[in-house]
Every structure is written in C-alpha cells, then in structure tokens.
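Below is one structure, written out as structure tokens, with a few remarks after it.
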Amino acid sequence: MSLGIMALGLACFGASLAEGYLVGNLFKAAARQPEIIGQLRTLMIMGVAFIEGTFFVTLAMTLILK
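So in our numbering, spot 36 of the sequence shown is number 36, and the numbers just go up one at a time.
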C-alpha cells in the first residue's frame, strides 16, 4: 500500500470529521437562537458543499493513485 493512498484516505476521513463538526455546531447555535435558523441553514449548506467537494477530490485522487 502506497503512503500517498493512505494520506489521501486520511484526508477523506478528515473531511468527514469536519462535516460532523459543522453540523454539530449548527445544532448548538440553533438551540441558542432558534430565530436565525434560516440563515444558519444557508451557511450550513454552503459549508457542507465545500467540505463534500474536498472529500470527492481526495477520494478521486485516491482511486487514481490506486
């Protein structure tokens, strides 16, 4: 197994952790201020889109290097 493949797999794992951290903090913020949930939802969708983009790029690179 190549070290590059393992590093990219670890990057995919990091992207998944980042997405969980983002959503968890969104729920905390919504619990504190429920009136701004519409704004929070928009920001969450944008954040998840960027994180998923990173995930798919690293996943594709992992499959290419394989």
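Even for Gly, the Cβ is constructed at its ideal location relative to N, Cα and C.
Have a look at residue i and residue j and give me their C-alpha separation to the nearest angstrom.
i     : j     : result
Leu8  : Leu22 : 21 Å
Ile64 : Met44 : 30 Å
Met6  : Phe55 : 14 Å
Ala18 : Gly53 : 12 Å
Pro34 : Leu3  : 45 Å
Arg32 : Ser16 : 25 Å
Ala11 : Thr58 : 7 Å
What is the DSSP secondary structure of residue i, reduced to helix, strand or coil?
i     : result
Gln39 : helix
Ser2  : coil
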